[in-house]
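To keep things clear, I will list the structure first and then write my remarks on it.
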Amino acid sequence: MIVQADTAGTGAPAIAIAGLVKHYGSHRALNGIDLDIRRGEKIVICGPSGSGKSTLIRCINALEHHDGGSIMVNGIRLSADEGTVQDIRQEVGMVFQHFNLFPHLTALENCMLAPRLNRGIPKARAEKLAMHYLERVHLADHARKYPARLSGGQQQRVAIARALCMEPRILLFDEPTSALDPEMVGEVLGVMEGLAISGVTMVCVTHEMGFARRVADRCVFMDHGEIVECAEAEAFFQAPVSLRLRNFLAQILR
Amino acid sequence: MNGLPIDLDLAWESLPALLDGLKVTAILTALPLLFGLALAFPICFARMSDRRWLAFLAEAFVTFFRGAPLLILLYLVYYGLGQIQALREGPFWILFGSPFGCAIVALSLNHAAYMVEVLRGSLLAVPHGIVEASEALGISRRNVFIWVKMPLAIRYGLKAYQNEVVSFIKGTAIVSVVTITDLTAVANTIFEQTYDPFTPILCAAAFYWAFVNVVRLCFNLWRRWLNRHNTEDAAADAEAPGRVNALRPASDLKQVMP
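Each protein sequence line maps, in turn, to chains A and B.
Numbered according to our numbering, the first sequence spans residues 318 to 571.
Numbered according to our numbering, the second sequence spans residues 2 to 259.
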């Protein structure tokens, strides 16, 4: 409940990243990242593969441990301490490229697990909560199905509902549509656009530039572990400054 | 003799004794399976620990008890430990003083060593992404283990576990060398009394076969229950085949109909 005390404060950023460094062996995956994300802001991060964009958002909820610099999430400074990590993860939901649903649980049970285990919510209430969010991703009819019986787009929407059930203030998306068949991309992006309106802070690694244009407040372009350009969506696409971003956009918008 | 190698009258007469032997075999299976599994968990955690010395100790345990032939292990426990005077005078003599206790100890250690590896393999088979997803939801490590890792590991390891249990059941026949009258020992006694080699041995074999198959059927039921997440909707589809194409993408159908 540290977090509640903090949100009463003034416009402190939802996420404040300063001088973030991450190594994989001798490879420098993140090379001094500075980024402040305001509450309710929608950020899209793009860049060529290996540029460090996934690593960056995985550092935010400590799925990767950073080697230098600092990350503040809702005013809590991220450290290696297990309790702190746990506190931050309660506030930060994440959606993965490969959905990562629990295959042995139904869609409904997937959504119920974390609220029940983390908050000790009784079964009936957890079920109501889960159904609420499954309805929100338009999957109430599929609540009793196991993930193996759902399409990729449906699985990803369950994964979004699962993250929402913890009622996080911040949502991280790690290439949520990259593993989907093209015809299913739309349904997932549609749900994400709906979320964007709700006021949750969103950080989304994606190559869906149409989505970025419609939803993002700011876009971030990364290359070689650095932020090359960070601008409001309109400027980002209309007037890219760096040559690297111009080349990247030319490639991706072809 | 009536042309059959089996003397039906003798078989019938031997039935009660053989059933008693089967009972002993069943107990000598059940208890070590229980103790061995209970022992395997902490050793498996040690084996997977980041602490080098702990992992090394666990690995040494596995290497030793998996490498030692069960018969040698049984001799060591039954005859060897009895040589230690301190043990003979200590409270554990209740256990090590009886052939039954020794057999339980030796079988449990042997089973534990195999189960450590079965368990470890199953836990390592749990996809990393699923564990990450649980962690990202803020679920504690303990709960991730209980509610995500273990349920999936059981599914991945069930076949290997079944193999180990089946070969373990047959392996218990070795306890007759330390004077325990299990199924094999009973059959052997009847053979020595009647000089009929076929009837008692074949009857015992039939009992073993039945026992192993009951275990196999139990495993099948267990597996079917665990895998309901892959089969349940398939059954529903079979009831209403007309719906299938309308509701399921083609990629899903392949899973339903291999």
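Don't be surprised by glycine CBs; every beta carbon is placed ideally from N, CA and C.
Query                                                                                                                               : Result
Coarse secondary structure for A/His459, derived from DSSP in three states                                                          : helix
C-beta atoms of B/Ala137 and A/Asn378 nearer than 7 Å                                                                               : yes
B/Asp10, buried or exposed, once every other Cβ within 10 Å from all chains shown has been counted against 16                       : exposed
Short CB-CB distance (under 7 Å) between A/His382 and chain B                                                                       : no
Within-7 Å CB hit, A/Met448 to chain B                                                                                              : no
The region 107-118 of chain B in contact with the region 61-69 of chain B per 3-pair CB rule at 8 Å                                 : yes
Endpoints, the alpha helix (DSSP H) within which A/Phe490 is located                                                                : Note, A/Phe490: premise wrong, no alpha helix (DSSP H); beta strand (DSSP E) at Ile487 to Asp491.
Inter-residue spacing [alpha-carbon to alpha-carbon] between B/Val257 and B/Asn231                                                  : Residue confidence for B/Val257 is low, a pLDDT of 34 falling below 50, so the modelled location carries little weight and cannot support an answer.
Bounding residues of the beta strand (DSSP E) (the contiguous stretch that carries B/Tyr80)                                         : Taken as a continuous stretch (DSSP letters only), B/Tyr80 belongs to no beta strand (DSSP E), as it is neither H nor E.
Pairwise C-alpha distance: B/Leu74 and B/Phe199                                                                                     : 30 Å
Collapsed DSSP secondary structure at B/Leu72 in the structure displayed                                                            : helix
Any beta strand (DSSP E) of 3 or more consecutive residues that is wholly inside the region 472-557 of chain A                      : 487-491, 518-522, 535-540 and 543-549
DSSP-derived helix/strand/coil call for A/Arg356                                                                                    : coil
A/Ile332 beta carbon less than 7 Å from that of A/Val412                                                                            : no
B/Gly22 (DSSP reduced to helix, strand or coil)                                                                                     : helix
Residue closest to A/Met595, alpha-carbon to alpha-carbon, out of A/Leu337, A/His459, A/Lys359 and A/Glu426                         : What the structure shows of chain A is the stretch from 318 to 571, and residue 595 of chain A is not part of that stretch, so it cannot be assessed.
Close-in-space but distant-in-sequence residues of the same chain around A/Val558 (CB under 7 Å, 5 per side omitted)                : Glu546
Sequence-distant residues of the same chain with beta carbon closer than 8 Å to A/Leu497, five excluded per side                    : Gly469, Gly470, Gln473 and Val505
Closer than 7 Å to chain A by CB, B/Ile140                                                                                          : yes
Those residues which DSSP pairs with A/Ile350 across a bridge                                                                       : A/Leu337
The region 119-135 of chain B / the region 95-109 of chain B touching (three or more Cβ pairs under 8 Å)                            : no
Contacts around B/Leu108, its chain only, beta-carbon distance under 6 Å, and the 5 residues preceding and following it disregarded : Pro33
Residue(s) in a DSSP beta bridge with A/Met389                                                                                      : A/Ala333 and A/Arg394
Contact with chain A by B/Ile175, beta-carbon distance below 7 Å                                                                    : no
Member of B/Ile105, B/Leu55, B/Gly81 and B/Pro70 whose CA lies at the smallest distance from the CA of B/Val25                      : B/Ile105
Start-to-end residues for the alpha helix (DSSP H) that takes in A/Met448                                                           : Lys440 to Arg453
Proximity below 7 Å, CB of A/Lys359 to CB of A/Asp534                                                                               : yes
Cβ-based neighbour list, A/Ser495, same chain, cut-off 6 Å, excluding 5 preceding and 5 following                                   : Gln414
Any chain B beta carbon closer than 7 Å to A/Arg486                                                                                 : no
Touch test, the region 423-440 of chain A against the region 141-152 of chain B, Cβ-Cβ under 8 Å, three pairs minimum               : yes
For A/Glu500 and A/Arg530, the rounded distance between their alpha carbons                                                         : 20 Å
Neighbour flag for A/Arg461 against chain B, beta carbons, 7 Å                                                                      : no
B/Thr173 to B/Thr30 span [Cα, whole Å]                                                                                              : 7 Å
Interface flag, B/Ala241 vs chain A, CB-CB below 7 Å                                                                                : Only weak support exists for where B/Ala241 lies, its pLDDT of 40 falling under 50; the value from the coordinates is given anyway. Judged by the 7 Å Cβ criterion, B/Ala241 is not in contact with chain A.
Where the region 425-445 of chain A meets chain B: residues whose CB sits under 8 Å from a CB there                                 : Leu430, Ala431, Leu434 and Asn435
Length-filtered (3 minimum) beta strand (DSSP E) runs lying within the region 25-72 of chain B                                      : none
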